[in-house]
Amino acid sequence: MFKYIFIFLILIQSLFAENTIIGKYDRIDLPILKLENLRAKIDTGAKTSSLHCSYIKDLDKKTVVFEVLDETHEKYKKIRYSMPIKRVAKVRSSNGITENRYVISTKVIIFEKNYDVEFTLRDRKKMNYPILLGREFLEKGFLVDVSKENISYYEKNSK
789 MFKYIFIFLI LIQSLFAENT IIGKYDRIDL PILKLENLRA KIDTGAKTSS LHCSYIKDLD
849 KKTVVFEVLD ETHEKYKKIR YSMPIKRVAK VRSSNGITEN RYVISTKVII FEKNYDVEFT
909 LRDRKKMNYP ILLGREFLEK GFLVDVSKEN ISYYEKNSK
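Taking my numbering, I'd label the letters of the sequence shown as residues 789 to 947.
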């Protein structure tokens, strides 16, 4: 009996939880990196979010130096950023190959709210979107509606 009451309470709680609807694509700001309106793909298949970097080099096993985007991207600034390495993640790509990637933590602004988000650093030049937002980000209170796109971007620009 207690088991069913517990399940019922969990279901009720999830109904009243305030989740934000996000589409399959959106635009985000990375204020620490001074980048705005970057295109992002929402990827429920990815655990950790990923950021396109054209240059990635560790300095001393504690710090990574990187350039966000590349010269073909309109928002590329040719600035080398230096940030602490949070960890090194083993990531399996969609083609099944596993590789180690540096993970950094930075701020993301979406829906006019700040979130601390961990990103793996990866050359995503061949991908359509320079940023993937994965499940760890989505668990901060988002539900994905794949029929929608750029919800926060349109909200921000309609004010």
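Where is the CB? At the ideal position from N, CA and C, for every residue including glycine.
Asked, Found
"Secondary structure of Glu887, DSSP reduced to three states", "strand"
"Helix, strand or coil at Ile939 [DSSP, three-state]", "helix"
"For Lys914, the nearest candidate out of Ile885, Phe930 and Ser842 (CA to CA)", "Ser842"
"Buried/exposed call for Val927, threshold 16 Cβ in 10 Å", "In the sequence as displayed, the identity of residue 927 is Glu instead of Val. Exposed, since its Cβ has fewer than 16 Cβ neighbours within 10 Å."
"Through-space distance from Ile885 to Arg868, alpha-carbon basis", "28 Å"
"Where Lys878 falls: helix, strand or coil (DSSP)", "strand"
"C-alpha distance - Asn807 paired with Gly929, whole-angstrom precision", "5 Å"
"Close-in-space but distant-in-sequence residues of the same chain around Leu826 (CB under 7 Å, 5 per side omitted)", "Arg815, Ile816, Leu818, Lys863, Pro918 and Ile919"
"Cβ pair Val932, Thr836 closer than 8 Å", "no"
"Nearest residue (CA-CA) to Leu839, options Glu824, Lys850 and Thr908", "Thr908"
"Chain-order list of residues whose beta-carbon lies under 8 Å from that of Val853 (same chain, five-residue window excluded)", "Tyr843, Ile844, Lys845, Asp846, Leu847, Arg868, Tyr869 and Ser870"
"Residue environment, Val856, which counts as buried when at least 16 other CB atoms sit within 10 Å", "buried"
"Contact check, Glu906 vs Glu887, beta carbons under 8 Å", "no"
"Where the beta strand (DSSP E) containing Glu927 begins and where it ends", "Careful: Glu927 lies outside any beta strand (DSSP E) and carries neither H nor E."
"Distance, Ser946 Cα to Ile892 Cα", "32 Å"
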